[in-house]
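Taking our numbering, the leading residue of the sequence shown gets 239, the next gets one more, and so forth. For reference, the structure is listed below as C-alpha cells.
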Amino acid sequence: MSDTSSLPFLPFALPEIGEEEIAEVVDALRSGWVTTGPKTRRFEADFSAFLAGESGHAQEFHSIAINSATAGLHLALEALGIGPGDEVITTTHTFTASAEVARYLGADVKLVDIDPATLCIDPAAFEAAITPRTKAVVPVHYAGLAADMPRIGAIARRHGIRVVEDAAHALPTTCGGRLVGTLDSDVTVFSFYANKTMTTGEGGMLVTRDAAIAARAQVMRLHGINRDAFDRFTAKVPSWYYEIVAPGFKYNLTDIAAALGIHQLRRVRDFQVRRQQLADLYDRLLADLPVICPPRPAGGDLHAWHLYVIRLTDDAAIGRDALIEALYAAGIGCSVHYIPLHLHPYWRERYGLRSEDFPHSQRAYERMLSLPLYTRMTDADVFRVADSLRAALRG
Ligand SMILES: *Cc1c(COP(=O)(O)O)cnc(C)c1O
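What follows is the structure, given as C-alpha cells:
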C-alpha cells in the first residue's frame with residue numbers, strides 16, 4: 239500500500255460544473271433577467287423532454303422548477319389538498335424534508351420501517367400503517383435505487399391514497415424500465431441541491447401529468463398569483479394585471495440557477511455512467527471485506543448512484559463511528575445517510591417513537607456509512623478509499 243499521508247483531503251461530495259454552465263450563468267447575468275424568466279422556462283421544457291425521451295411526448299408532463307425539492311414536496315402535498323387531520327406515510331430512513339412538509343400543512347406523519355435489502359420503504363409496513371385518515375404516501379428512492387413502486391402504487395390505489403415520490407436521489411433512475419418521473423404516481427419531486435446527481439446550487443423540479451395539480455403548484459409557487467383568473471369576457475388581460483387567489487409561497491427558481499440546470503441536465507446521463515463505473519469499482523475492491531455493498535436494481539434497471547452506502551457486518555473488527563474517524567484521519571470524507579427520523583428529538587417526541595418499532599432502519603443506521611461518490615473522483619481515489627477502509631478494518 240502506498241503512503242497516503244501526504245495526499246490532499248478527499249471530500250465526501252463535489253459538484254461538477256463545466257464551462258458551458260459558467261457561460262450560461264454569465265449570459266443570464268448579462269441579460270438583465272436574473273430571476274424566473276426565459277432560462278427557467280427552457281429548463282422546464284428540457285426537463286419534460288428528458289422525461290419523455292424517445293417517445294417525444296413532452297407535452298404529457300408538467301415540469302415546474304422550484305428553489306428546492308423541499309418546496310416541491312410542500313407544493314405537491316398542498317396541491318393534493320393535504321391538511322389538518324390527514325396522515326402522510328413515509329419512511330423513517332430519509333432526510334427530514336420528506337416528512338416535515340406534511341407538518342407545514344398541519345397533517346400528521348406516520349413513519350414506517352424499510353426493507354432491509356433495499357433500504358427503501360417496506361411496502362408491507364406502508365400498508366400496515368394505513369388508517370382512514372391516510373391521504374398520501376411519500377416513497378423515497380434511497381441512494382438512487384427505485385423503491386418498489388409497482389407494489390406501493392397497487393396498495394395506494396386499493397386504499398385511495400395519493401403518491402408523491404421523493405426523487406431527490408433518483409435522476410436518472412428507472413423502475414421496470416421506466417424513468418422515475420414518468421411512473422404512475424401523482425407527483426414526483428427532484429432535488430438539484432449541491433451534492434445531488436445534478437445541481438443548480440439550490441433547486442428542484444416538480445413533475446406531474448395532472449393538469450390541475452400543475453396549475454395549483456404553479457400558482458402556489460409564486461405568492462398565489464393567478465394571471466388566468468382575469469375575466470376573459472370583459473377584456474384582454476393587461477400585462478400589469480394579476481389576481482391573488484391564495485396565500486402562496488415564494489418557491490420560484492431563478493434564471494441564474496436554471497442556467498446551471500440546463501447544462502447539468504444535458505450531462506446527467508454521462509454523470510450516471512461515471513457514477514456507475516465508480517460504484518462497480520467499489521464493489522470489486524470491497525468484495526473481500528466485512529461489509530455489505532449497496533443493493534443492485536433488479537432486471538437491468540438504472541441506479542442513479544447518488545450515494546454509495548456500505549454496511550459493516552457483525553464480524554468487522556471496528557465499529558462504524560471508529561471507522562469514520564479512521565477514514566477522516568486518512569484524509570477521506572464520509573457521511574451517514576441517514577440518522578433515521580425516529581431518533582431525532584422532534585419526531586421521536588411528537589409521535590412517541592421507539593427504535594424497536596423500526597428494527598431494520600435502526601440496524602442499518604448503526605452499521606452504515608456513505609463513501610465518497612461523485613463524477614470528479616478518479617479511479618485512483620476509489621482505490622485510495624478502499625485501501626484506507628481495508629487498513630482500518632484490519633485494525
Ligand atoms: C436532498 C433531499 C431532499 C431535499 O432537497 P432540497 O432540494 O435540499 O430541498 C429531500 N429528500 C431527500 C431524500 C433528500 O436527500
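Just so you know, even glycine gets a beta-carbon here, dropped at the ideal spot from N, CA and C.
DSSP three-state assignment for residue i, whether helix, strand or coil
i: M239; result: Here the model assigns M239 a pLDDT of 49, short of 50, so the residue's position is not dependable and the matter cannot be decided.
i: K488; result: strand
i: S301; result: strand
i: D324; result: coil
i: R465; result: coil
i: I500; result: helix
i: A517; result: helix
i: E481; result: strand
i: D508; result: helix
i: L417; result: strand
i: D634; result: Because residue 634 is not part of the residues shown, which for the chain are 239 to 633, the question remains open.
i: F621; result: helix
i: R522; result: helix
i: S336; result: helix
i: E254; result: coil
i: V475; result: coil
i: V264; result: helix
i: I548; result: strand
i: T278; result: helix
i: L313; result: helix
i: I393; result: helix
i: F247; result: coil
i: S626; result: helix
Cβ distance (whole Å) where residue i is taken to contact residue j below 8 Å
i: A602; j: L357; result: 6 Å
i: D404; j: V427; result: 6 Å
i: L343; j: T330; result: Between T330 and L343 the Cβ distance is about 20 Å, and since that is not below 8 Å, they are no contact.
i: L498; j: E259; result: 5 Å
i: E325; j: K373; result: 7 Å
i: R605; j: L565; result: The Cβ separation is near 15 Å, so there is no contact.
i: G633; j: I556; result: 6 Å
i: V375; j: T328; result: 7 Å
i: A287; j: D493; result: Contact flag wrong, Cβ pair sits at about 19 Å.
i: H407; j: G439; result: Contact flag wrong, Cβ pair sits at about 18 Å.
i: V347; j: A340; result: 5 Å
i: R371; j: G323; result: 6 Å
i: L524; j: A624; result: 6 Å
Pairwise C-alpha distance: residue j and residue i
i: A296; j: L421; result: 14 Å
i: A314; j: I302; result: 11 Å
i: G321; j: H397; result: 18 Å
i: E481; j: R459; result: 14 Å
i: P410; j: Y612; result: 14 Å
i: R279; j: L609; result: 36 Å
i: W543; j: V483; result: 41 Å
i: L607; j: V529; result: 10 Å
i: G441; j: A495; result: 7 Å
i: L579; j: S269; result: 44 Å
i: A618; j: F250; result: 15 Å
i: I570; j: H598; result: 28 Å
i: R522; j: K488; result: 46 Å
i: A453; j: V402; result: 16 Å
i: M239; j: H582; result: For M239, the pLDDT reaches just 49, beneath the cut-off of 50, and the residue's location in the model is therefore unreliable, leaving the point undetermined.
i: L595; j: G319; result: This sequence places Asp at residue 595; Leu is not what is there. D595 and G319: Cα-Cα distance of roughly 29 Å.
i: P377; j: G391; result: 10 Å
i: N305; j: N490; result: 6 Å
i: D353; j: I368; result: 17 Å
i: A630; j: R622; result: 12 Å
i: G415; j: D448; result: 22 Å
i: T446; j: E292; result: 19 Å
i: D508; j: W478; result: 43 Å
i: H501; j: L519; result: 27 Å
i: L444; j: L516; result: 29 Å
i: R628; j: D559; result: 15 Å
i: Y589; j: V547; result: 28 Å
i: R400; j: I451; result: 12 Å
i: L311; j: S244; result: 44 Å
i: T435; j: A337; result: 22 Å
Residue i - partner residues in DSSP beta bridges
i: F430; result: Note: F430 sits in no beta bridge, so no partner.
i: A453; result: None; A453 has no bridge partner.
i: T372; result: E325
i: D346; result: E325
i: R400; result: A374
i: G442; result: I304 and S429
i: M606; result: R549
i: L460; result: K488
i: S573; result: S608
i: I530; result: R549
i: I352; result: I359
When a residue counts only if its C-beta is closer than 6 Å to some heavy atom of ligand 1, which residues count, in chain order? Listed by position along the chain, the residues with Cβ atoms less than 6 Å from a non-hydrogen atom of ligand 1 are S306, A307, T308, T332, F333, A335, S336, V378, D404, A406, H407, S429, Y431 and G442.
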